[in-house]
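Asker: Residue numbers (full-length UniProt numbering): 1 to 219.
Where a beta carbon is used, it is the ideal one built from N, C-alpha and C, also for glycine.
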């Protein structure tokens, strides 16, 4: 949901050349290093190569970020897979309506209302992939009053051990057109900032659910 990207204070980045997950924004190193799980950089890189391949055109940028969450994968995935309820963890979403009826399937479109404070009010997003076995969700933005053109994202979740307990590694990647008047660095910086907010919120909601599960009485 981008207004004038040039207003963002974009720090120098390597922004957006090739495919295979993209060259923008420093990849997982853009994520804070505190609270890391047991997965190594090599293991994370392999997951990116396997699941996060994007064809990146000359006028596009691409990047990926990771988050280590202290909650088991089934809780995290239950939030991520909620194509019809992204507001369960995305702080910028106030309302979501999925067009059509019946079970969620590839090609369904959701209309997302964005909270005030961002330079947009709606975004139309199509479900490209929902794989409950591999824990992969992919969406593509197909409309809305913002400047995110040809935006596609992939988010995957993977089990890991954090501090001796079940945790989850989340990887989210994207590719998007660079708007006229903006650079690849500025565009990547802005989108990464939105994703970081979403992943931070995802961690908070998941970890609260994990605490509730651990403290619920058994009957």
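Starting from residue 65, follow the beta strand (DSSP E) in both directions and report where the run begins and ends.
Answerer: Start and end: 60-69.
Asker: If I'm right that residue 170 touches residue 155 with Cβ under 8 Å, what's the distance once you round it to whole angstroms?
Answerer: About 7 Å; that satisfies the 8 Å criterion.
Asker: Could I get the ranges of all uninterrupted beta strand (DSSP E) runs contained in the stretch 87-168, with 3 residues as the minimum, in chain order?
Answerer: 93-98, 109-114, 122-131, 136-144 and 152-162, all fully within the stretch 87-168.
Asker: How would you call residue 69, buried or exposed, if buried means at least 16 neighbouring beta carbons within 10 angstroms?
Answerer: Its Cβ being crowded by 16 or more others within 10 Å, residue 69 is buried.
Asker: Closest to residue 209 by C-alpha separation, out of 97, 52, 42 and 72, would be which residue?
Answerer: The shortest C-alpha separation from residue 209 is found at 72.
Asker: Using the Cα positions of residue 152 and residue 164, report the straight-line distance between them to the nearest angstrom.
Answerer: The straight-line gap from Cα to Cα measures roughly 35 Å.
Asker: Could you tell me whether the Cβ atoms of residue 114 and residue 83 are closer together than 8 Å?
Answerer: Their beta carbons are not under 8 Å apart, which means residue 114 does not touch residue 83 by this criterion.
Asker: To which residues does DSSP link residue 174 through a beta bridge?
Answerer: Per DSSP, 63 and 153.
Asker: For the alpha helix (DSSP H) that contains residue 57, what are its first and last residues?
Answerer: It is not in any alpha helix (DSSP H) - residue 57 carries neither H nor E in the DSSP assignment.
Asker: When you compare the CB of residue 93 with every CB in chain D, is at least one pair closer than 8 Å?
Answerer: No chain D appears in the structure shown, which is made up of a single protein chain.
Asker: Where do the N-terminal and C-terminal ends of the alpha helix (DSSP H) with residue 82 fall, by residue?
Answerer: Here residue 82 belongs to no alpha helix (DSSP H), and DSSP marks it neither H nor E.
Asker: Quick one: grab the DSSP three-state call for residue 180.
Answerer: If DSSP states are grouped into helix, strand and coil, residue 180 belongs with coil.
Asker: Using CA coordinates, which residue listed in 182, 136 and 116 is at the minimum distance from residue 148?
Answerer: Of the candidates 182, 136 and 116, the one whose C-alpha sits nearest the C-alpha of residue 148 is 182.
Asker: If residue 79 and residue 206 are in contact, beta carbons under 8 Å, what's the gap, nearest whole angstrom?
Answerer: Sure, about 6 Å apart at Cβ, within 8 Å.
Asker: Would you grab the beta carbon distance between residue 123 and residue 141 for me? Rounded to a whole angstrom, and I think it's under 8 Å.
Answerer: Rounded, the Cβ-Cβ distance is 6 Å, consistent with contact.
Asker: Find out if the Cβ-Cβ distance for the pair residue 99, residue 88 is shorter than 8 Å.
Answerer: In this structure, residue 88 does not lie closer than 8 Å to residue 99 by Cβ.
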